[in-house]
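Asks: The structure that follows is given in the form of C-alpha cells.
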Amino acid sequence: MPEPTFLDSTELVLNMGPQHPSTHGVLRVILKLDGEKVIGTECVIGYLHRGVEKIAENRTYTMFAPYVDRMDYIAAISNGLGYCLAVEKLLKVEAPPRAQVVRVILTELNRIASHLFWLGTHALDIGAITPLFYTLREREEILKIFEDYCGARLTTHAFRIGGLQYEVHDGLERQVKDFCDYIVPKIDEYEELLTNNRIWVERLKGVGILTADECKQFGVTGPVLRAAGVQWDLRKAQPYSGYEKYDFDVPIAHGADTYDRYVVRMLEMRQCVRILRQAVEGIPEGPILAKVGKVIKPAAGEAYVSIEAPKGELGYFIVSDGSTQPYRLRVRPPSLINLQALDRMVRGGLVADVVAIIGTLDIVLGEVDR
Amino acid sequence: MKKFLRTIFLVDLLQGLWVTFRNQHPKHIYTEQYPAERPKVAERYRGAPRLNINPDNGETLCIACNLCALACPENLIVVTSERNEQTRRKELTEFTYDTSRCMFCGLCEDACPVDALELTQDFELATYTRDGLIWDRQLLEEGPKPTPYRF
Ligand code: SF4
Ligand code: SF4
C-alpha cells in the first residue's frame, strides 16, 4: 500500500528498466518517489544471469577462459587477465616477462576503451550526445589493435593460462605508439566539450555523493573510491603482472560526487597512456608461454587473485580439488558491489539524477548478473 | 567580472560547439560502407570455420584425431571416423560443426595438430534456417563463400 507522504501526496512507485536505455543493460530499479524526490530504491538484477560460476565447475581450466570475457564485455581483456593470474597462482607458475608486458599493454588499452565507452554513454545519459560518437570512434582504434593481435574485437580470449597464445603481430609497437599520440589530443577535446560546460557541471556537481567511509562500508572500489579521496589502486597496492616496473600516478579527487568521478576517470586515461608509452618501449624478447603442460591440473588448494579492472577490484577465487576442473570458482565483480551503493547515492536526490548516478557507477550488467 | 562575461557570452558552450564543427571535416568520416565495401578484417580474425584440404590431391588434411572436439568448451564439433583396413589408418567420414553455438574462441583451432581446422576471415554467417547453421563436412571443406553485393 502506498503510504501518504509530505503534502498528502502519495508515494509513487515507478519501475525503471529493465528495458530503460539508461540503465546500461537490463537493470530494473524500483523507485519510490515523492514528487520529484527519490525516497527509496530497490534494484532487481538477474536478467542476464548465465551461471558463469556454475559453468566453470563443468569446464576444464583452459576451456573456461573464453567464458570470463562475457562477464564484463566492455573490458574482456581485464577479465581474462584476472582469471589467468588466478589459475597461475594455483599452479604456482608465472608468465614469462614478454607475456607480462604484452598483457599490460593490452589491459591498459582495454582500460582506455572501457573508460571511453563509459564517458560516451554517461554523457549520453545526461543529454550530451556528441561525445558518444567521438569516444566510440577512438575506441574503434583500440578494437582494431585487439583484432590484429588476437582476431576478435570484443570477446577477445587473448590470454592463456601461463602466458599468451598469440605471438605479437608485426607493428603492434607502432600501432600502440600511434594510438598514444592520437588519443591525448582527443582526451583534451572531450574535456573541451564537457569539463567547463555549464550544463554538465550543473548536472553533476554535488550529485550522488558517496564519502570515503561509505565507500569502505559498501566495499566500493575503483574510480568511485578514488574520487572520494582514497588513494587505492591494486596496481600500486599489490602489483601484479609487472605493474611495479611502470611509473604512473593514481589520480584522486576529493569531491566524492559524480563530477569528480568524471575527472578521475579522465585523468586515469592519461595515466594509461603513460603506462603504455613505457611498456611498448621495452617488450623483452623471450618465450610467451610458461611451461604449464597441455592439461592444466593444479594441486588441491585455493587461490584468490584480485586485479584493478577498469571498474574496480575484480577478484577470482578458485578452489581446486586436484582435478582438471575447478571445484568452485567465485568471481568478485566490481560492478555488482558498486551497484550496492546506488540506494545510498540516489536517496533524497531528484529522479533525474538517478540516471546520472547509474552512469557514474559504470556498471556492466553482464558482470552484475554473471 | 571575467567569469560574468564568460557566462554571458556562453564561452563554455561555444567552445564545445567549436569542437563539433572541427569534427565536421570530411577527413574525419568514419562510417564503413558495408555491404557496398567489404571491411578488411585482421589476418588473425576468427570467423567462419573451414576444414582445409590438401591442395595437391584434394584430400582432407584432417586425421580424425578428435582433439578439436575435446578442446571445444561447447562440445559442438562431432568427428566420426572409420578405420581403413588397408592402410590401418583412421579416415574421416563426417565432420559437423554447429556454428549456432560456437563462440569463436579459437580453442579448436589451437588444438588441431595438423592445421586442418581453421577459423577464417569470413564473417557472414547468417542463414534463413536453423539447420543452415549446422555445417557438415562438405560445407566446411568448401569453406565460406563471401556474398558479393551489387548495387
Ligand atoms: S571456436 Fe571455440 S566454441 Fe567454436 S568450435 Fe572452436 S572451440 Fe568450440
Ligand atoms: S583436431 Fe584437426 S585433425 Fe584432429 S579431428 Fe579436429 S580437425 Fe581433424
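So the protein lines, in turn, are chains E and F. Under my numbering, read the first sequence as residues 15 to 384, first letter to last. Under my numbering, read the second sequence as residues 19 to 169, first letter to last. Cβ coordinates follow ideal geometry from the N, Cα and C atoms, glycine included.
Between F:Leu79 and the rest of its own chain, which residues show a CB-CB distance below 6 Å, the 5 nearest in sequence each way excluded?
Replies: Excluding residues within five positions, the ones whose Cβ falls inside 6 Å are Asn70, Asn72, Val132 and Ala134.
Asks: Measure from the alpha carbon of E:Leu150 to the alpha carbon of each residue in E:His136, E:Ile140, E:Tyr163 and E:Ile372, then state which is nearest.
Replies: Considering only alpha carbons, the answer is E:His136.
Asks: For E:Val333, tell me which candidate among E:Pro324, E:Ile351 and E:Ala314 has the shortest Cα-Cα distance.
Replies: Ranking E:Pro324, E:Ile351 and E:Ala314 by Cα distance to E:Val333 puts E:Ala314 first.
Asks: For E:Lys68 and E:Arg344, I'd like the C-alpha separation in whole angstroms.
Replies: Going from the Cα of E:Lys68 to the Cα of E:Arg344 covers about 9 Å.
Asks: Taking only beta-carbon atoms, is F:Arg119 less than 8 Å away from chain E?
Replies: Chain E contact via Cβ: absent.
Asks: What's the C-alpha gap between E:Val368 and E:Trp214?
Replies: Whole-angstrom Cα-Cα distance: 15 Å.
Asks: Use the C-beta contact count for E:Ile143: other C-beta atoms within 10 angstroms, 16 or more gives buried, fewer gives exposed.
Replies: Exposed, because fewer than 16 other Cβ atoms sit within 10 Å of the Cβ of E:Ile143.
Asks: Give the straight-line distance between the Cα atoms of E:Leu130 and E:Arg284, rounded to the nearest whole angstrom.
Replies: Approximately 12 Å between the Cα atoms of the pair.
Asks: Does the beta carbon of F:Ala66 fall short of 7 Å from some heavy atom of ligand 2?
Replies: Outside the cutoff, so no.
Asks: Whole beta strand (DSSP E) runs in the region 294 to 347 of chain E with 3 or more residues, listed along the chain?
Replies: Qualifying beta strand (DSSP E) stretches, in chain order: 315 to 323, 326 to 334 and 340 to 346.
Asks: Quick check on F:Thr145: does DSSP put it in helix, strand or coil?
Replies: Of the three classes helix, strand and coil, the one that applies to F:Thr145 here is coil, per DSSP.
Asks: Within the region 107 to 155 of chain F, note down every full beta strand (DSSP E) run reaching 3 residues or more, in order along the chain.
Replies: For the region 107 to 155 of chain F, whole beta strand (DSSP E) runs of length 3 or above, ordered along the chain, are 107 to 116 and 135 to 137.
Asks: Under the criterion of a Cβ to heavy atom distance below 7 Å, does E:Ala267 qualify as lining ligand 2?
Replies: Not so, every heavy atom of ligand 2 lies at least 7 Å from the Cβ.
Asks: Does the distance from the CB of E:Pro298 to the CB of E:Val278 come in under 8 Å?
Replies: Against a cut-off of 8 Å, the Cβ pair of E:Val278 and E:Pro298 comes out as no contact.
Asks: Given that F:Tyr63 touches chain E, what residues does it touch there, using C-beta distances under 7 Å?
Replies: Residues of chain E passing the Cβ test: Glu161 and Gly165.
Asks: Check the Cβ-Cβ distances between E:Met280 and every residue of chain F, and say whether any is below 8 Å.
Replies: No, no contact with chain F.
Asks: When you compare the region 22 to 32 of chain F with the region 118 to 130 of chain E, are there three or more beta-carbon pairs, one atom per stretch, that lie closer than 8 Å?
Replies: These segments do not touch.
Asks: Could you compute how far the alpha carbon of F:Leu125 sits from the alpha carbon of E:Phe173?
Replies: Approximately 12 Å between the Cα atoms of the pair.
Asks: Should F:Asn84 be counted as a contact of ligand 2 given a C-beta to heavy atom distance under 7 Å?
Replies: Indeed, a heavy atom of ligand 2 lies less than 7 Å from the Cβ.
Asks: When DSSP builds the beta bridges, which residues end up paired with E:Lys46?
Replies: Paired residues: E:Val27 and E:Gly54.
Asks: Pair every Cβ in the region 55 to 62 of chain E with every Cβ in the region 93 to 106 of chain F, then say whether three or more of these pairs are closer than 8 Å.
Replies: No, the region 55 to 62 of chain E does not touch the region 93 to 106 of chain F.
Asks: When the Cα atoms are used, what is the spatial distance from F:Trp36 to E:Tyr204?
Replies: Their Cα atoms are separated by approximately 12 Å.
Asks: Hey, out of E:Pro237, E:Arg288 and E:Arg217, whose CA is closest to E:Phe193's CA?
Replies: Nearest of E:Pro237, E:Arg288 and E:Arg217 to E:Phe193, Cα basis: E:Arg288.
Asks: Would you mind working out which of F:Leu110, F:Leu88 and F:Leu151 sits nearest F:Arg119, comparing C-alpha positions?
Replies: The shortest C-alpha separation from F:Arg119 is found at F:Leu151.
Asks: Could you work out which residue in F:Arg155, F:Glu103 and F:Asn93 is closest to F:Leu110 when comparing CA atoms only?
Replies: Selected option, being the one with the closest Cα: F:Arg155.
Asks: If the criterion is Cβ atoms closer than 8 Å, does the pair E:Phe232 and E:Ile140 meet it?
Replies: Cβ atoms of E:Phe232 and E:Ile140: not closer than 8 Å.
Asks: Check whether the region 78 to 88 of chain E touches the region 297 to 311 of chain E, counting contact only when three or more Cβ pairs, one atom from each stretch, lie closer than 8 Å.
Replies: As far as the Cβ criterion goes, the region 78 to 88 of chain E does not touch the region 297 to 311 of chain E, which means the pair count is below three.
Asks: Which word fits E:Gln114, buried or exposed, when buried means at least 16 other C-beta atoms lie within 10 angstroms of its C-beta?
Replies: So E:Gln114 ends up on the buried side.
Asks: Examine ligand 1 and report whether any of its heavy atoms sits within less than 7 Å of the Cβ of F:Cys130.
Replies: For ligand 1, not one heavy atom lies less than 7 Å from the Cβ of F:Cys130.
Asks: Given 7 Å as the limit, tell me if F:Ile81 has its C-beta closer than that to any heavy atom belonging to ligand 2.
Replies: Yes, the beta carbon of F:Ile81 sits closer than 7 Å to at least one heavy atom of ligand 2.
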